[in-house]
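Q: Numbering (this note's numbering), first residue to last: 336 to 434. Glycine included, every Cβ here is placed at the ideal spot set by N, Cα and C. The structure under discussion is supplied below as structure tokens; questions concerning it will follow.
What follows is the structure, given as structure tokens:
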């Protein structure tokens, strides 16, 4: 069952990101929003971990959150807007929000 994992908390304050990455399935996707986009900070261990994920795992981030924080993003990450977020949520069998 393909799952969209939605993260919104900074990866520097708790272990939600690492917990999420441990259970990712081969058809899953990760969506970063809110402070979770700090995962994209250049040179951070968290960004390097994302970049090493298998290509089959799709990576997304909310465009407005990335730009509001002035972050660059890896080429394999797709920036999306809110309508695309809704469409993406419908595309996957399950959505798991890491609260």
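Roughly how many whole angstroms lie between the Cα atoms of residue 363 and residue 336?
A: Distance between the alpha carbons of residue 363 and residue 336 is about 8 angstroms.
Q: Mapping DSSP to helix, strand and coil, what is residue 392?
A: DSSP places residue 392 in coil when its eight states are reduced to three.
Q: Would a C-beta distance cut-off of 8 angstroms place residue 385 and residue 397 closer than the cut-off?
A: No, Cβ-Cβ distance for residue 385 and residue 397 is not below 8 angstroms.
Q: Could you compute how far the alpha carbon of residue 410 sits from the alpha carbon of residue 403?
A: Straight-line Cα distance between these residues: approximately 19 angstroms.
Q: Going by DSSP, name the residue or residues bridged to residue 406.
A: For residue 406, which the question treats as bridged, DSSP gives no partner whatsoever.
Q: Use the C-beta contact count for residue 428: other C-beta atoms within 10 angstroms, 16 or more gives buried, fewer gives exposed.
A: Burial call: exposed.
Q: Cα separation between residue 422 and residue 392?
A: In a straight line, the C-alpha of residue 422 is about 17 angstroms away from that of residue 392.
Q: Let's test the definition: count the other Cβ atoms within 10 Å of the Cβ of residue 434 and tell me whether it reaches 16, buried, or not, exposed.
A: Residue 434 is exposed by the Cβ-count criterion.
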